[in-house]
Amino acid sequence: MQYSGKQVVHPGVRARDLPALMELYELNYIQLRQLIPDVGLLQDRVVSRVKGALNLYLTVRERCKYTTTLHLSYSFEHDQSTTLAPDIVVRLYHDAQVAEVISRGKGRSPRNTNFDRFRPDYPMEARWQVNRFLQKWLGFCLRHGHSFSPAREQFEEAVEAIETDRIASLES
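The number in my numbering is simply the position in the sequence shown, starting from 1, with 1 added.
Right, dumping it as structure tokens:
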């Protein structure tokens with residue numbers, strides 16, 4: 002492939018062409034695997050809690066032999082309602098080692114419109130933008146210490162059990 006000469010947005014990633022989109026898919030897969038070291042052992046619903054950061058919610062929507070579909074979001078409570086943002090559904094293709102955003106819900110800003118990869122009227126530009134957003138967001142989550150691993154889940158459950166026992170003993 003020849004370099005398109007377009008703006009470089011990340012070392013080795015050219016903007017808004019098919020090779021750049023495929024590189025974003027690869028980068029997203031790498032970052033998701035850093036966030037979720039063992040997808041196969043992951044529970045269907047988990048929360049990553051980091052002191053000083055928003056809780057990151059992950060739901061496994063589908064598990065297949067070669068793919069896993071995940072929903073990632075923060076949860077914001079306001080006026081007796083809950084808003085999920087950025088409300089992204091990602092499909093991991095384990096055999097190809099790529100991950101792509103397949104849908105994104107409508108958020109609070111006008112730019113944050115609905116995205117559905119399976120709609121034929123979404124151009125490559127829209128796919129590039131939403132997957133670039135995912136790449137930046139995953140980097141942000143990793144820098145803040147988020148992760149979903151069975152060892153971390155077991156540790157958090159043990160800490161929670163100890164705290165519950167301690168509170169129960171104080172109440173007795």
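Heads up, the beta-carbon is just placed ideally off N, CA and C, and yes, glycines get one too.
Per DSSP, which residues does Y30 bridge with? Please list them.
-> Bridge partners of Y30: none, in fact.
Cβ shell of D45 (< 6 Å), same chain only, five flanking positions each side left out = V61
Between the Cα of V40 and those of R128, T70, Q81 and L25, spot the shortest distance and give me the residue it belongs to.
-> T70
Exposed or buried, what is S74 when buried is set at 16 or more other beta-carbons lying within 10 Å of its beta-carbon?
-> Label assigned to S74: buried.
With DSSP collapsed to three states, give me the class of F149.
-> coil
Taking C-alpha atoms, which residue in L85, N56, F77 and V91 lies nearest to R64?
-> V91
Ends of the alpha helix (DSSP H) at L71?
-> Segment T68 to H79 is the beta strand (DSSP E) holding L71; no alpha helix (DSSP H) there.
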